[in-house]
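*Asks:*
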Amino acid sequence: MVSNLFGRVKATAIPKLDSGNYHLWKKDIIIALMSINARQLTLGAVPRPAGINTERTREWDSRSEQAASLLHSSCGPTALSLINDNYDPHHIWEILEEHFSTIHSFRNRLQVLGDFNQQGMTSDLKTATEYLAKLRGLQAQLVGTAD
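Just so we're aligned, residue 1 is where the sequence shown starts under the UniProt record's numbering, counting upward by one.
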């Protein structure tokens, strides 16, 4: 999914975010953010430490810039247009979530609902456990929707 080359994360197999793959992208990008220790920072759970030019602030700033770079590099054209000139990973995350998440997008809700209703045992799902896990994942995406 993600390769780490010389300490830098490169989004190699993360699908470019578009209007139809937000939940797959979100799952993959969270793993990538974890690899650079920037998941909590991106989700807004870790504020920037107080102080100017301390070791902690420099480290936080570095992780913040890596996260913003990773988010930008994993977005398709529409998503990029929404976050253009934005380098705060938490703000980027909020914008993308608001625009693309199933809860907020009728089109995405319909797509996930269709995927759920048409999901069958396919060659990539070798066991009933994998099949049920896939259904549970689709169901989790629909939680909180009006459908």
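Idealized CB from N, CA, C, for every residue including glycine.
Going by other Cβ atoms of all chains shown within 10 Å of its Cβ, with 16 needed for buried, is T42 buried or exposed?
*Replies:* Mapped onto the sequence shown, residue 42 falls at position 42. So T42 counts as buried.
*Asks:* So which of C75, Q66, R63, R56 has the shortest CA-CA distance to S19?
*Replies:* To locate residue 19, count along the sequence shown from 1; it is residue 19. The shortest C-alpha separation from S19 is found at C75.
*Asks:* Could you round the C-beta distance between A38 and A67 to whole angstroms and report it? I think they count as a contact, below 8 Å.
*Replies:* Locating residue 38 in the sequence shown gives position 38, counting from the first residue. Locating residue 67 in the sequence shown gives position 67, counting from the first residue. Sure, about 4 Å apart at Cβ, within 8 Å.
*Asks:* For T129, name the three-state secondary structure that DSSP assigns.
*Replies:* As a working note, residue 129 is residue 129 in the sequence shown. Correct three-state label for T129: helix.
*Asks:* Just to check my reading of the structure: L71 and I92 have Cβ atoms closer than 8 Å, yes? What is that Cβ distance to the nearest angstrom?
*Replies:* On the sequence shown, residue 71 is found 71 positions in, with the first residue counted as 1. On the sequence shown, residue 92 is found 92 positions in, with the first residue counted as 1. Yes, they are in contact, since the Cβ atoms of L71 and I92 sit about 5 Å apart, within 8 Å.
*Asks:* What does L113 pair with, by DSSP beta-bridge criteria?
*Replies:* Residue 113 sits at position 113 when you count from the first residue of the sequence shown. Its beta-bridge partners do not exist; DSSP assigns none.
*Asks:* Are the beta-carbon atoms of D124 and L138 separated by less than 7 Å?
*Replies:* One-based indexing of the sequence shown puts residue 124 at position 124. One-based indexing of the sequence shown puts residue 138 at position 138. No. Outside cutoff.
*Asks:* In angstroms, rounded to a whole number, what distance separates the CA positions of A128 and R136?
*Replies:* Taking the sequence shown and counting its residues from 1, one reaches residue 128 at position 128. Taking the sequence shown and counting its residues from 1, one reaches residue 136 at position 136. Spanning the two alpha carbons is a distance of roughly 12 Å.
*Asks:* Ordered along the chain, which non-local residues of its own chain (more than five positions away) have a Cβ less than 6 Å from that of E130?
*Replies:* Translated into positions along the sequence shown, residue 130 becomes position 130. Here the set comprises nothing.
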